[in-house]
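Be aware that the sequence shown starts at 63, since it is given in the working numbering, and climbs by one per residue.
Using N, Cα and C, we set each Cβ at its ideal position, and we do this for glycine too.
Comments concern the structure below.
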Amino acid sequence: MGMAASQARFLTLTARKSNVEYEGQQVNQQRTSLSNESAGLFNKMMELQVPTPPSATDFYNTRYTFDAKGSDYSITNSAPRTDGKYDITISYKTSEPLGREYNTFGTMNFAGDTPTSLITNFNGVDTECKIEVLQRDNNGNFVDSKGVADSNVNTVAKTAGEKLDSPENAKYYRYTYNNTNYYISGTNMADLIAKKGSTSSYIINEGYPNGLSTYYATTQDVQKTVTGVGGFPSSTTEGRFETIQIDSISSDDPAVVDALVGKSFDLSLTQVQDDEGYAEAMKDYEYQKMLYERTINDINAQTEIIQQQDRTLELRLKQLDTEQNALNTELEAVKKVIEQNVEATFKTFA
Numbered sequence: 063m064g065m066a067a068s069q070a071r072f073l074t075l076t077a078r079k080s081n082v083e084y085e086g087q088q089v090n091q092q093r094t095s096l097s098n099e100s101a102g103l104f105n106k107m108m109e110l111q112v113p114t115p116p117s118a119t120d121f122y123n124t125r126y127t128f129d130a131k132g133s134d135y136s137i138t139n140s141a142p143r144t145d146g147k148y149d150i151t152i153s154y155k156t157s158e159p160l161g162r163e164y165n166t167f168g169t170m171n172f173a174g175d176t177p178t179s180l181i182t183n184f185n186g187v188d189t190e191c192k193i194e195v196l197q198r199d200n201n202g203n204f205v206d207s208k209g210v211a212d213s214n215v216n217t218v219a220k221t222a223g224e225k226l227d228s229p230e231n232a233k234y235y236r237y238t239y240n241n242t243n244y245y246i247s248g249t250n251m252a253d254l255i256a257k258k259g260s261t262s263s264y265i266i267n268e269g270y271p272n273g274l275s276t277y278y279a280t281t282q283d284v285q286k287t288v289t290g291v292g293g294f295p296s297s298t299t300e301g302r303f304e305t306i307q308i309d310s311i312s313s314d315d316p317a318v319v320d321a322l323v324g325k326s327f328d329l330s331l332t333q334v335q336d337d338e339g340y341a342e343a344m345k346d347y348e349y350q351k352m353l354y355e356r357t358i359n360d361i362n363a364q365t366e367i368i369q370q371q372d373r374t375l376e377l378r379l380k381q382l383d384t385e386q387n388a389l390n391t392e393l394e395a396v397k398k399v400i401e402q403n404v405e406a407t408f409k410t411f412a
């Protein structure tokens, strides 16, 4: 290799070496930037507040309560009227009879024409309940998939006024919530299947009409409220009501009307669990939990992208390092050639 060729090669290698060093600096700068992004995401994750589920013991209201014919009643609201009376709202618990009809709203899921689950609202929370098919065996008993008979179907059918020997009622459908079994007759399910068509789920709303008729075959305590008009004839010097006189209520239960209307009751202040407040707090917790989990998932996804980009840059940096070593080796070789050319040239003219 001649003097000129060696010098040209040396300059080319030097330029390439400078470019590799510059590109390496750029890669390191990008990795530093990615590191800052990753640190920012980590700090963002550390700043997130982990949602805390509400405690039922924190949800109590102070309410006026009174006893009427052995049953407990609670005044949940009172608003003064222009005539000196009060619009009042009274809450109480009642025991529903066996086999009572229950209108269900929610979403029914299907596998073909077989119902698999029902998503419905219990105590302010949407709950998915698995549906089991009860079929008549050779003895006329309704049995589940494990062959266990369910005699409650007889009570349900009697309450619903349906004949168990009709072809459409060869099957009954059962779902369970809070140790209470709920039943849907074959007639009602056949109607629902016809309405849903080929879809895999069907929303049961107010337009069904009035929800899907289901029945439960156990006695169940149900919280009810009625509105009415009344007064508070006596109160303490501190302004606390001592008695209530109920003039009228809006209720279709004659036993409740007979127990309350036209009567006076002594009032007590009692701590009552706020089920509605707890249900609202639980719904808010579920929403905040969903937001928290979604934010964490987003941060993890962005971090994974950054890590992948960093691995790509790290691989590129290793490639540049290998290329730099090769250039250094070749530069050393070219330097020796140049030194030999210089020495040979000067010796010739010496």
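Kindly indicate which three-state DSSP category residue i falls into: helix, strand or coil?
{"i": "Ala141", "result": "strand"}
{"i": "Leu329", "result": "coil"}
{"i": "Val318", "result": "helix"}
{"i": "Gly86", "result": "helix"}
{"i": "Asn267", "result": "coil"}
{"i": "Arg302", "result": "coil"}
{"i": "Ser213", "result": "coil"}
{"i": "Leu274", "result": "strand"}
{"i": "Gly290", "result": "strand"}
{"i": "Val112", "result": "coil"}
{"i": "Phe167", "result": "coil"}
{"i": "Ser100", "result": "helix"}
{"i": "Phe72", "result": "helix"}
{"i": "Asn81", "result": "helix"}
{"i": "Ser95", "result": "helix"}
{"i": "Val205", "result": "strand"}
{"i": "Asp175", "result": "coil"}
{"i": "Thr261", "result": "coil"}
Provide the residue(s) that pair with residue i in DSSP beta bridges, ordered along the chain.
{"i": "Leu196", "result": "Tyr234"}
{"i": "Gln285", "result": "Lys155"}
{"i": "Glu190", "result": "Ile181"}
{"i": "Arg356", "result": "None, per the DSSP bridge assignment."}
{"i": "Tyr239", "result": "Thr242"}
{"i": "Val334", "result": "Asn123"}
{"i": "Ile361", "result": "According to DSSP, which records beta bridges pairwise, Ile361 is partnered with nothing at all."}
{"i": "Gln381", "result": "DSSP lists no partner for Gln381."}
{"i": "Ala341", "result": "Looking at the DSSP assignment, Ala341 forms no beta bridge with any residue, so it has no partner."}
{"i": "Tyr135", "result": "Phe128, Tyr154"}
{"i": "Ile308", "result": "Gly292, Lys325"}
{"i": "Tyr349", "result": "Answer is none; Tyr349 lacks a bridge partner."}
{"i": "Ser247", "result": "Tyr234"}
{"i": "Ser416", "result": "With the chain running from 63 to 412 in the structure shown, residue 416 is simply not present."}
{"i": "Asp372", "result": "Asp372 pairs with nothing; no bridge assigned."}
{"i": "Thr149", "result": "Here the sequence assigns Asp to residue 149, which means Thr is not the residue at that position. According to DSSP, which records beta bridges pairwise, Asp149 is partnered with Ala141, Val291."}
Using the Cα positions of residue i and residue j, report the straight-line distance between them to the nearest angstrom.
{"i": "Gly209", "j": "Ser312", "result": "47 Å"}
{"i": "Leu331", "j": "Cys191", "result": "38 Å"}
{"i": "Leu353", "j": "Ser296", "result": "51 Å"}
{"i": "Gly168", "j": "Gly339", "result": "22 Å"}
{"i": "Thr138", "j": "Thr305", "result": "15 Å"}
{"i": "Ala341", "j": "Arg125", "result": "19 Å"}
{"i": "Gly174", "j": "Ser263", "result": "10 Å"}
{"i": "Ala101", "j": "Glu348", "result": "29 Å"}
{"i": "Leu254", "j": "Ser207", "result": "22 Å"}
{"i": "Glu355", "j": "Glu300", "result": "49 Å"}
{"i": "Asn203", "j": "Asn214", "result": "10 Å"}
{"i": "Asn359", "j": "Ala211", "result": "46 Å"}
{"i": "Val218", "j": "Tyr278", "result": "7 Å"}
{"i": "Thr178", "j": "Met344", "result": "26 Å"}
{"i": "Val89", "j": "Asn267", "result": "59 Å"}
{"i": "Asn105", "j": "Glu99", "result": "10 Å"}
{"i": "Gln87", "j": "Arg93", "result": "10 Å"}
{"i": "Glu109", "j": "Leu103", "result": "10 Å"}
{"i": "Thr176", "j": "Gly248", "result": "11 Å"}
{"i": "Asn403", "j": "Thr384", "result": "29 Å"}
{"i": "Ser326", "j": "Ile150", "result": "14 Å"}
{"i": "Gly273", "j": "Ala141", "result": "33 Å"}
{"i": "Glu83", "j": "Asp346", "result": "56 Å"}
{"i": "Thr298", "j": "Asp328", "result": "12 Å"}
Residue i: beta carbon under 7 Å from a heavy atom of the ligand HEM?
{"i": "Asn183", "result": "Because no ligand of any kind appears in the structure shown, any question about the ligand HEM cannot be addressed here."}
Segment contact flag, the segment 368-379 with the segment 114-125, C-beta cutoff 8 Å, min 3 pairs: no
Any contact between the segment 321-339 and the segment 161-181? By contact I mean 3 or more CB pairs, one from each, below 8 Å. no
Would you be able to state if there are at least three C-beta pairs under 8 Å between the segment 285-293 and the segment 143-157? yes
Take every Cβ of the segment 231-240, pair it with every Cβ of the segment 192-200, and state whether three or more of those distances are shorter than 8 Å. yes
Determine contact between the segment 69-76 and the segment 391-404, defined as no fewer than three beta-carbon pairs at a distance below 8 Å. yes
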